[in-house]
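Asker:
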């Protein structure tokens, strides 16, 4: 496995609508493995393919719950319930946080690493993370939809 470079806000790939994945094969599974390793190394809970320069509909997520590592190919949110505002950050927008309104619960259809169609209903942090990562597939960053933005001065050495 290999660590991948995470592209930062301003990179054109982060503003593009990602293309559907044609087929799940060993090359895509290797990309999933490398994306997961990159996400864990960066202390993230989710990573979308556009964040590593690949404009395809693929995300990896691990919020530390009973689901473990989720690999979602061509994910589509089919249902949303409720509404909540909470703080988010992003590996592509370091040291910036914002309050973002999201659905409290989502249901998503996707294809797993073995090409099988799956369905997942999630709440809490997992629901928020799914929505955040799927926004990346539409060329949307959390800073585009945040109600407020904060810069983390402690991490970048500013008072």
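In my numbering, the protein residues as written are 596 to 754.
In this text, a Cβ means the ideal position worked out from N, Cα and C, and glycines have one as well.
Everything numeric in this text was worked out from a predicted model, so none of it was measured.
(1) Take residue 644 as the anchor and find which of 619, 740, 708 and 731 has the nearest alpha-carbon.
(2) Helix, strand or coil, according to DSSP, for residue 636 in the structure here?
(3) Which residues share a DSSP beta bridge with residue 696?
(4) In whole angstroms, what separates the C-alpha of residue 651 from that of residue 729?
(5) Quick one, are the C-beta atoms of residue 736 and residue 671 less than 8 Å apart?
(6) Specify the secondary structure class of residue 652 as computed by DSSP and reduced to three states.
(7) With H, G and I counted as helix, E and B as strand and the rest as coil, what does DSSP make of residue 665?
(8) Identify, in the order they occur along the chain, each residue of the same chain with its Cβ nearer than 6 Å to the Cβ of residue 603, setting aside the five sequence neighbours on each side.
(9) Measuring alpha carbon to alpha carbon, tell me which residue in 678, 701 and 706 is nearest residue 695.
(10) Which of helix, strand or coil does DSSP assign to residue 702?
(11) Under 8 Å, do residue 708 and residue 619 count as touching if we go by C-beta distance?
(12) Using alpha carbons as the reference points, say which of 744, 634 and 640 lies closest to residue 690.
(13) Quick check on DSSP: helix, strand or coil for residue 721?
(14) Use the C-beta contact count for residue 642: other C-beta atoms within 10 angstroms, 16 or more gives buried, fewer gives exposed.
(15) Which residue marks the beginning of the beta strand (DSSP E) containing residue 744, and which one marks its end?
Answerer: The short version:
(1) Of 619, 740, 708 and 731, the residue nearest in Cα terms is 731.
(2) Looking at residue 636 - three-state DSSP - the assignment turns out to be helix.
(3) According to DSSP, residue 696 bridges with 680.
(4) C-alpha separation (whole angstroms): 11 Å.
(5) In this structure, residue 671 does not lie closer than 8 Å to residue 736 by Cβ.
(6) Coil, per DSSP.
(7) Taken through DSSP and simplified to helix, strand or coil, residue 665 comes out as strand.
(8) Cβ neighbours of residue 603 beyond the five flanking positions: 687.
(9) Taking the Cα of residue 695 as reference, the smallest distance to any Cα among 678, 701 and 706 is reached at 678.
(10) DSSP, reduced to helix, strand and coil, places residue 702 within a strand of the structure shown.
(11) Contact check for residue 708 against residue 619 passes: the beta carbons are separated by less than 8 Å.
(12) Per the Cα distances, 744.
(13) Of the three classes helix, strand and coil, the one that applies to residue 721 here is helix, per DSSP.
(14) Counting Cβ neighbours within 10 Å, residue 642 comes out buried, since at least 16 surround it.
(15) Run containing residue 744: 743 to 746, per the beta strand (DSSP E) assignment.
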